[in-house]
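Chemist:
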Amino acid sequence: MNPTPPQGYHVTDADEMLVIPQKVVAMLSTAGYFAMFWTFIQERGYTHTQSWEACERTLAHFKLPAKYSSYESFKTNKSKSENNQDSLVSFW
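Mapping the sequence shown onto the numbering used here, position 52 (from 1) lands on 1380, and the numbers just tick up by one.
1. Would you say the stretch 1369-1379 touches the stretch 1342-1359, given that touching needs at least three Cβ pairs under 8 Å?
2. Just to confirm the assignment: which complete alpha helix (DSSP H) runs, minimum length 4, are found wholly within the stretch 1332-1415?
3. Just how far apart, CA to CA, sit Thr-1358 and Met-1364?
4. Taking just the CA atoms, how far does Arg-1385 sit from Tyr-1396?
5. Alpha carbon to alpha carbon, how far is Phe-1390 from Glu-1410? Give it in angstroms, no decimals.
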């Protein structure tokens, strides 16, 4: 077997495997994102702003797209999410 790669072969970052934890993949969903948001608050004592920033940094670290473009956008969706959860809980 030839231990050298074929002529013209080039290894790039795209050729490397990136292992993404399941809890980070879950952040791609709204429920998973908010689960991580509350985890940062409860386990690390972050403020809401710090927790949102940590969530967005986590996604960026794993080269995943940002979920919210700004904290204001996040707050609007957080409010909607909380209202939806309240109505589901009261329904059951």
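Ideal Cβ placement from N, Cα and C applies to all residues, glycine included.
Modeler: In terms of the structure at hand:
1. no
2. 1350-1353, 1358-1372 and 1376-1389
3. One-based indexing of the sequence shown puts residue 1358 at position 30. One-based indexing of the sequence shown puts residue 1364 at position 36. Each residue's Cα considered, the two are about 10 Å apart.
4. Here residue 1396 refers to the residue found at position 68 when the sequence shown is read from its first residue. Here residue 1385 refers to the residue found at position 57 when the sequence shown is read from its first residue. Spanning the two alpha carbons is a distance of roughly 11 Å.
5. Indexing the sequence shown from 1 puts residue 1410 at position 82. Indexing the sequence shown from 1 puts residue 1390 at position 62. If you take the alpha carbons of Glu-1410 and Phe-1390, they lie about 27 Å apart.
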